[in-house]
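Take a look at the structure below.
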């Protein structure tokens, strides 16, 4: 079993990522409301980052699902 510090760190990082995405959304809303143009390069960059975030979220979800299945079988 992982030391609690590693699990605390994982939880903290996931929370920080969620907060960062919310802050990015707020900043983007502000930029749009102030009439800032979203050029194609910016859109591609944001799309790339969001795609990477989705992939990492899927991997985290899969890891948690696999861990839960192992825990139910009684093997650790």
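Residue numbers (my numbering): 199 to 274. Ideal Cβ placement from N, Cα and C applies to all residues, glycine included.
Measuring straight from C-alpha to C-alpha, what distance separates residue i and residue j?
{"i": "residue 229", "j": "residue 252", "result": "24 Å"}
{"i": "residue 235", "j": "residue 218", "result": "22 Å"}
{"i": "residue 209", "j": "residue 221", "result": "18 Å"}
{"i": "residue 256", "j": "residue 250", "result": "10 Å"}
{"i": "residue 258", "j": "residue 238", "result": "30 Å"}
{"i": "residue 242", "j": "residue 223", "result": "16 Å"}
{"i": "residue 227", "j": "residue 233", "result": "10 Å"}
{"i": "residue 213", "j": "residue 240", "result": "25 Å"}
{"i": "residue 262", "j": "residue 205", "result": "12 Å"}
Of the choices the options, whose alpha-carbon is the least far from that of residue i?
{"i": "residue 244", "options": "266, 262, 213, 225", "result": "225"}
For the ligand ZN, is there a heavy atom less than 7 Å away from the beta-carbon of residue i?
{"i": "residue 203", "result": "For the structure depicted, the ligand ZN is absent and the ligand set is empty, with no information on it obtainable."}
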